[in-house]
Amino acid sequence: MTDTPPPALTDLLHAAVTAVGGVERTGQVTMAEAVAAAVDDKSHLLVQAGTGTGKSLGYLVPALAHGERVVVATATLALQRQLVERDLPRTVTALQPLLRREPQFAMLKGRSNYLCLHRLHEGVPQDDEEGLFDPFEAAAPSSKLGQDLLRMRDWADETETGDRDGLTPGVSDRAWGQVSVSSRECLGATKCAYGAECFAEAARERAKLADVVVTNHALLAIDAIEGTPVLPSHEVLIIDEGHELVSRVTGVATGELSAGSVNRAVKRAARLVNEKAADALLSAAEGFERVMELALPGRLEEIPEDLLYVLAALRDACRQVITALGDTRDKSVQDEDAVRKQALAAVEHVHEVSERLVSVSEYDVVWCERHDRFGASLRVAPLNVSGLLREKLFPERSVVLTSATLKLGGDFNGVAASLGLSPEGTEGDDVASWKGIDVGSPFDYRKQGILYVARHLSPPGRDAGREDMLDELAELIEAAGGRTLGLFSSMRGAQTAAEAMRDRLDHPVLLQGEETLGELIRAFSQDARTCLFGTLSLWQGVDVPGVNCQLVVMDRIPFPRPDDPLMSARQKSVEEHGGNGFMAVAATHAALLMAQGAGRLIRASGDRGVVAVLDPRLATARYGGFLRSSMPDLWYTTDRNQVRRSLAAIDAAAQV
1 MTDTPPPALT
11 DLLHAAVTAV
21 GGVERTGQVT
31 MAEAVAAAVD
41 DKSHLLVQAG
51 TGTGKSLGYL
61 VPALAHGERV
71 VVATATLALQ
81 RQLVERDLPR
91 TVTALQPLLR
101 REPQFAMLKG
111 RSNYLCLHRL
121 HEGVPQDDEE
131 GLFDPFEAAA
141 PSSKLGQDLL
151 RMRDWADETE
161 TGDRDGLTPG
171 VSDRAWGQVS
181 VSSRECLGAT
191 KCAYGAECFA
201 EAARERAKLA
211 DVVVTNHALL
221 AIDAIEGTPV
231 LPSHEVLIID
241 EGHELVSRVT
251 GVATGELSAG
261 SVNRAVKRAA
271 RLVNEKAADA
281 LLSAAEGFER
291 VMELALPGRL
301 EEIPEDLLYV
311 LAALRDACRQ
321 VITALGDTRD
331 KSVQDEDAVR
341 KQALAAVEHV
351 HEVSERLVSV
361 SEYDVVWCER
371 HDRFGASLRV
381 APLNVSGLLR
391 EKLFPERSVV
401 LTSATLKLGG
411 DFNGVAASLG
421 LSPEGTEGDD
431 VASWKGIDVG
441 SPFDYRKQGI
451 LYVARHLSPP
461 GRDAGREDML
471 DELAELIEAA
481 GGRTLGLFSS
491 MRGAQTAAEA
501 MRDRLDHPVL
511 LQGEETLGEL
521 IRAFSQDART
531 CLFGTLSLWQ
541 GVDVPGVNCQ
551 LVVMDRIPFP
561 RPDDPLMSAR
571 QKSVEEHGGN
581 GFMAVAATHA
591 ALLMAQGAGR
601 LIRASGDRGV
611 VAVLDPRLAT
621 ARYGGFLRSS
631 MPDLWYTTDR
641 NQVRRSLAAI
651 DAAAQV
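As numbered in full-length UniProt numbering, residues 1 to 656 make up the sequence shown, in order.
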């Protein structure tokens, strides 16, 4: 009896596309075949797949067909939900008869994303803050926080997953902090009275049994960096929204120390250690706070002697407390294990960051930030994460990265370098071999859209005024009949433009920050006359196909701020090694954002519109060609009259 040959990849893809109600695309087939080949060869792949390609099925189908465990990491909550609630259930059902097995899938996030039953029922070890309930109104919550806590208690009886994202409407971070723990604060399933019912442990168990585990970039970074396996072992890693990975990994690898975090550690530990250890920590914390009160914002290429002294004192005092935490028992403390664990987590964090700052390496960047509400804080981040990714991510598994924007300036090498990969085609024993493919887009960008650069405007300066830019913006919005998504490089720029347009035009202008992002996008997508202005999260997070978004405006090329400590340090480092720091860091950062921003325009095959960049440097500067070649291949013009006529025609057609 002969074995039945495995089903053809094209048959599997066809079944999956039909099941989700999609349309097969040439690019999707090309992508699926490339993913299958990379997985079989245990090699690595970078895939640029434009909007509308159907890239999630382009990687899910070959991954499921392969049969080994696959981890899929995404940057956004929206895509995680789409995968787990829509794409995976339908795809698994469609493929089961062909594969003759039913692949299992699960979602896994960091522990603090799940409701902690111990916290919920036993309460939070308090830092001498006000309680949740007024003592005279024990039956009724005295605050929004109290109301949220009662709602979460009810929700705990209904939810199957305990996942914060399943709680609607959501709650503030402060409220969620009352019912969740970090992995450091967790007592552990064997020591916790609620261990058998723990939502986070259940999620881990489901992940161990799953063929496909959907997670986020942050948990992937923690798994890779901290050396404590959080994700189950896997043969294949697929990173969707791959253009976000470096910034997410940098975020996880960044340490922060503030007077607030140090004082919390002091409060939590004071009752649990001997007087000598408690006094040493309190004294070190007071010294740190005094020095930080005078600290100026900006990069610290060398840590000043007075700051170094208080950081060393803080490190040593924390070490003393960590040792002493095992000795003293305060009989008045309720739920001692939880209180001790929370104190240990807070002190260990301060110890680790102060240790890292005292012995700062040439591969770290240190800077001070000041916040109006929280005062000054010290931050330390890796100069780059390419070495970390090369060492932790690529060995021993096949890695596929995909996004609509991985080719910058016409090739993949810029993004590959940021991931720790050598230029494509480099041979060698220690070199991770990889291939880059661009499967294109189903959209005809040159027929569907125009890239207009306002070459006649004055170049942006440091001031936010730019009257000629505001005049141009008003004229473009009028010609488009509203329908405008305004992407600004700063919040001040967005606010100035919103105020000016509200004075000059009859069109409603929504501004990021005046309402939740979801609410703003919903309102924008429902009224064609409306405009939506905002900053960074709008450059990447808006999906409004159809006639309500036909003009995307960028006020200026979004270079990083000159005073950004990490970006300027990275730029300087590239230059010291003989490279072009501006192109490698600032221009690459801007290219990625502009490619993402321009991608907000054409979201469906019937969409028409204009991307208008109100910064003449895109047409006149030497780096302009690099930036333009990173964006979708729209029809390019600097003719303002042509664009107004086109916008008016698009507006008229949309009203028919």
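Think of the CB as a built atom: it goes at the ideal place given N, C-alpha and C, for glycine as much as any other residue.
- Put simply, the stretch 51 to 63 touches the stretch 32 to 41. At least three CB pairs are less than 8 angstroms apart.
- Using a Cβ distance threshold of 8 angstroms, M631 and A595 count as a contacting pair.
- Distances from the alpha-carbon of I557 to those of D157, Q526, E348 and A590 put A590 closest.
- In the DSSP assignment, Q642 falls within the alpha helix (DSSP H) that extends over R640 to Q655.
- Between V181 and R119 the beta-carbon gap is near 6 angstroms, inside 8 angstroms, which marks them as a contact.
- In this structure, T405 keeps its C-beta atom at 8 angstroms or more from the C-beta atom of A49.
- Per DSSP, M469 has no beta-bridge partner at all.
- Under the DSSP assignment, N413 falls in the alpha helix (DSSP H) whose first and last residues are N413 to S418.
- The three-state reading of DSSP puts E427 in coil, since its state is none of H, G, I, E or B.
- Nearest Cα to L209 within the set E244, L13 and V70: V70.
- Using a Cβ-Cβ distance cut-off of 8 angstroms, the stretch 561 to 578 and the stretch 359 to 377 are in contact, since at least three pairs of beta carbons, one from each stretch, lie closer than that value.
- An exposed status is given to N274, since fewer than 16 other beta-carbon atoms sit within 10 Å of its beta-carbon.
- Judged by pairs of C-beta atoms under 8 angstroms, the stretch 538 to 553 touches the stretch 607 to 616, as three or more such pairs exist.
- Every unbroken stretch of the beta strand (DSSP E) spanning 3 or more residues and falling wholly within the stretch 513 to 573 is given here in chain order: 531 to 534 and 551 to 554.
- Where G58 is concerned, the enclosing alpha helix (DSSP H) starts and stops at K55 to H66.
- As the crow flies, the alpha-carbon of L145 is around 15 angstroms from that of D154.
- Straight-line spacing of the CA atoms in A313 and V353 works out to 13 angstroms.
- Taking C-beta atoms as the reference points, L388 and I225 count as a pair closer than 8 angstroms.
- Exposure of T228 is indicated by the presence of fewer than 16 other C-beta atoms within 10 angstroms of its C-beta.
- For N216, the three-state secondary structure derived from DSSP is strand.
- When secondary structure is reduced to three states using DSSP, F105 falls in the strand class.
- Going by C-alpha positions, K572 is about 6 angstroms away from G581.
- Secondary structure note for G27: its alpha helix (DSSP H) is the uninterrupted segment T26 to D41.
- Just so you know, the alpha carbons of T426 and K191 end up roughly 51 angstroms apart.
- By the Cβ-count criterion, Q540 is buried, with 16 or more other Cβ atoms from all chains shown falling within 10 Å of its own Cβ.
- In the three-state reduction of the DSSP assignment, K407 falls in the coil class.
- The C-beta distance from L98 to D240 rounds to 24 angstroms, too long to fall under 8 angstroms, and the pair is not in contact.
- For the set V431, T215, E301 and A202, the Cα lying nearest the Cα of P395 is the one of V431.
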